[in-house]
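Every number in our numbering is 69 more than the matching position in the sequence shown, counting from 1.
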Amino acid sequence: MFAGGYCPVAQAVVRAWKDIETWLSKNCPQIIRTLRPGATERQLRAAEATLGFPLPPGLRMILRVHDGQFLRPRGRWQSLDAFCGIFGGYSLYDDYVTMGLLSLGAACCAVQRWFCEYARRLRDGVYAASPIFPLKRSPSTPCLYPVRSSGPHGPAQVAVTQGIRVHASVLFLPEYCSNPQDEARGTEAYTFAYQITFSLLSEEEQAAAWDGSLGTFQPLLAVQLVNRTWHFLPTDHDPILASGPGVVGLFPQLSAGGPSLTYNSCTQMPCPTGRMTGSFGFKEGDAEAQGTRFIEAACPTVHLSIPEYIY
């Protein structure tokens, strides 16, 4: 089907497209419907003539399968098209970022590797389909906050304290970083968003994970968040400490084996690397209960850095 100069890259790109289409068909069918038919060789040659240089074989192959997406112009937020970028998105408070594939867009270096890496992350479960705004009723999309990563230095980590599970993941936000003028003034800043998910394990899961050094197992049937404490640790800079009641104005209640709660927030760092860790204070029962346990649930340490791939 694709001969000539496509042979070295065709198999990888076609497989990547198949992985993306399979994942979208199952999880976000509204996005699969936006994919355009593939570009013709004549269209690609015309685009190259306009640009004045040849497109990389990887980009040519990507566009030969699907020439971008049918998406409405920016600003049509009342339409679901605004949330249909195949490369997913993320939210931070009321701000939303998404990335789609434009038809015959400008080529970039190593686009094939970037494209295939995204397909691998979908296939391997690094990204999941989830609501755009976790605290609001909103459409699902490929969420760029990773749900899993390999090794202790990855961008997604989990900690369990007496049955309270805290999942933390981070995302680098290049659009909110300092510009050259800021750097010239010595006010360099790097912005990282983070997503935290709380859940209370079922009684059976709590028993299996119980630390015997704490004494006799006592299951938690319900808890309520009281406060938070953050330690942001930029490399070669002073620690940044933050604490306060609840999270984003909320004091969520969790029940054993019940629904989780997810929220997003962000932090600015004076350098591109560092770590973040902290804890969340939960009261057994509810925040006003008397004589019940107070649990300091650990937030796992997550390392902050500029990633190799940005979507």
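Cβ coordinates follow ideal geometry from the N, Cα and C atoms, glycine included. Quick caveat: nothing in here was measured; it's all calculated off a predicted structure.
Residue i burial status per 10 Å Cβ neighbour count (16 or more: buried)
i	result
I379	exposed
Y162	exposed
R190	buried
R234	buried
F225	Before going further, note that residue 225 is Ala rather than Phe in the sequence given. By the neighbour-count rule (16 or more Cβ atoms within 10 Å), A225 is buried.
P249	Bear in mind that a pLDDT of 49 at P249, under 50, signals an unreliable position, so the number given afterwards is only what the model happens to contain. When all chains shown are included, P249 counts as exposed.
L124	buried
C368	buried
R362	exposed
V82	buried
C178	Low local confidence applies: a pLDDT of 44 at C178 is under 50, so the model's placement there is unreliable, and no value is given.
A115	exposed
F184	buried
E377	exposed
R84	exposed
S160	buried
P77	exposed
T167	buried
G194	exposed
Whole-Å CB distance - residue i paired with residue j, under 8 Å assumed
i	j	result
P200	S207	5 Å
L289	W299	Incorrect: roughly 23 Å between the Cβ atoms, too far for contact.
F241	I375	6 Å
V239	Y263	5 Å
V317	S329	Between S329 and V317 the Cβ distance is about 15 Å, and since that is not below 8 Å, they are no contact.
S271	A325	5 Å
P321	L294	5 Å
Start-to-end residues for the alpha helix (DSSP H) that takes in residue i
i	result
E273	E272 to A278
E110	E110 to L120
I131	P126 to V134
E90	C76 to N96
Beta-carbon proximity of residue i to residue j, cut-off 9 Å
i	j	result
P98	I155	no
T304	T342	yes
E110	R133	yes
Q337	Y245	yes
V227	A237	yes
L170	F261	no
L104	H135	yes
L302	T346	yes
Span of the beta strand (DSSP E) around residue i
i	result
V227	A225 to T230
L302	A291 to P303
V239	I233 to F241
C246	It is not in any beta strand (DSSP E) - C246 carries neither H nor E in the DSSP assignment.
F267	Y259 to L269
L161	G158 to L161
L373	F363 to L373
V166	D164 to T167
At 3 residues or longer, what runs of the beta strand (DSSP E) sit wholly inside the segment 315–342?
322–324 and 330–338
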